[in-house]
Amino acid sequence: MLAHRPKRWIAIGLTLIAVALFDSYLLVRSGSSTSIGAVIVFGLVWLFWTVIRWWQRRKNISPRQMLRVVYTSFLFGTVLLTWLGFQFQSALLNRLGRKIDFNGREVLWSFSWSGFKDKPIIGWGWMSAWRTQQFFHDREFWWALTNNYWSHSAIMDVLLGGGIIGATLLVVAIIWSGARQLGSVCSEISGQWAFAATWFVIAASTQESFIIGNHFMLVLLVSSMIGYQADQNDDSLNKTISPA
């Protein structure tokens with residue numbers, strides 16, 4: 001909307017702000033730790049690429065530097081912060097007056113991880129493990145999980161269903177989509193939002209099965225990964241970074 005400025009864009013913008021404020025109120029009232037964590041990731045990613053936009057306009061960072069230095073640093077920092085987040089999330093939430101209770105989910109994750117180790121290369125098939133009797137044999141707490149059909153973590157479901165091959169394809173798709181959008185991050189008015197939306201969904205999917213099945217978050221992930229598509233006659237194509 002910011003990039004194309006449609007008619008009545010002010011009214012549309014005010015409506016979106018009102019919706020965002022209402023959603024924020026519902027988020028706080030829900031007490032969801034997962035959603036708050038995903039929102040924090042969204043904000044950090046948005047802030048990072050906003051700073052890069054500002055820096056690029058003053059220092060004129062080359063496409064090669066954007067790809068090899070900035071993007072690589074972003075990926076490394078994302079992995080590091082994700083690990084730190086999981087290590088210290090309980091302490092952080094306690095300071096904020098919230099309690100985190102993933103006991104039920106941890107059983108599901110442990111169950112899923114055990115199943116992944118049984119078939120680590122190609123997995124059990126997309127969402128097949130939870131519908132296969134063999135999956136429940138010789139595992140603790142199987143009697144409490146027979147009515148479950150997902151891992152309560154999209155990352156675990158990808159590993160369980162597609163194994164290392166499926167997880168690798170997902171990682172490659174995410175990294176490649178980010179690399180091909182580097183040109184639009186600094187050239188488009190709202191270029192950093194696609195990155196922020198992508199990592200918002202990924203962060204939320206670590207503890208929820210958001211990108212499994214027909215959840216709307218899957219559509220958000222795909223659309224944000226597709227990102228900006230420049231016109232073939234646009235001179236900015238010459239500035240767009242493509243991964244080697």
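Numbering (full-length UniProt numbering), first residue to last: 1 to 244. Virtual Cβ for every residue (Gly too), placed ideally from N, Cα, C. Predicted model only: the values in this text are computed from it and were never measured.
When we look at the beta-carbon of ALA11 and count the other beta-carbons within 10 Å, is it buried (16 or more) or exposed? In the sequence shown, residue 11 corresponds to position 11, counting from 1. So ALA11 counts as exposed.
Counting only the same chain and skipping the five closest in sequence on each side, list residues whose C-beta sits under 6 Å from that of ILE226. Position 226 of the sequence shown, counting from 1, holds the residue named residue 226. There are no such residues.
On a Cα-Cα basis, can you pick out the residue from ARG105, VAL107, PHE136 that is closest to ASP118? Locating residue 118 in the sequence shown gives position 118, counting from the first residue. For the residues ARG105, VAL107, PHE136, the minimum Cα distance to ASP118 belongs to PHE136.
Exposure of ILE52, with buried meaning 16 or more beta-carbon neighbours within 10 Å: Within the sequence shown, numbered from 1, the residue matching residue 52 stands at position 52. Buried.
Taking the continuous alpha helix (DSSP H) assigned at SER177, which residues delimit it? Stepping through the sequence shown from its first residue, residue 177 is reached at position 177. 154–180 is the extent of the alpha helix (DSSP H) around SER177.
If you compare alpha carbons, which of TRP83, LEU218, LEU80, TRP150 is closest to SER112? As a first step, residue 112 is located in the sequence shown; it is residue number 112 there, counting from the start. SER112 has its Cα closest to that of TRP150, out of TRP83, LEU218, LEU80, TRP150.
Taking Cβ positions, are SER224 and ALA194 nearer each other than 8 Å? Position 224 of the sequence shown, counted from the first residue, corresponds to residue 224. Position 194 of the sequence shown, counted from the first residue, corresponds to residue 194. The beta carbons of SER224 and ALA194 sit closer together than 8 Å.
Let me know the secondary structure DSSP gives GLY85 once reduced to three states. Here residue 85 corresponds to residue number 85 of the sequence shown, with the count starting at 1. If DSSP states are grouped into helix, strand and coil, GLY85 belongs with the helices.
Would you call TYR71 buried or exposed, if buried means 16 or more other Cβ atoms sit within 10 Å of its Cβ? Working through the sequence shown from its first residue, we reach residue 71 at position 71. Buried is the call here.
Would you kindly work out how many angstroms separate the C-alpha atoms of PHE48 and LEU21, rounded to a whole number? Within the sequence shown, the letter at position 48 stands for residue 48. Within the sequence shown, the letter at position 21 stands for residue 21. In a straight line, the C-alpha of PHE48 is about 23 Å away from that of LEU21.
Which ranges would you report for the alpha helix (DSSP H) in the segment 176–227 if only whole runs of at least 4 residues count? 182–187, 192–204, 216–226
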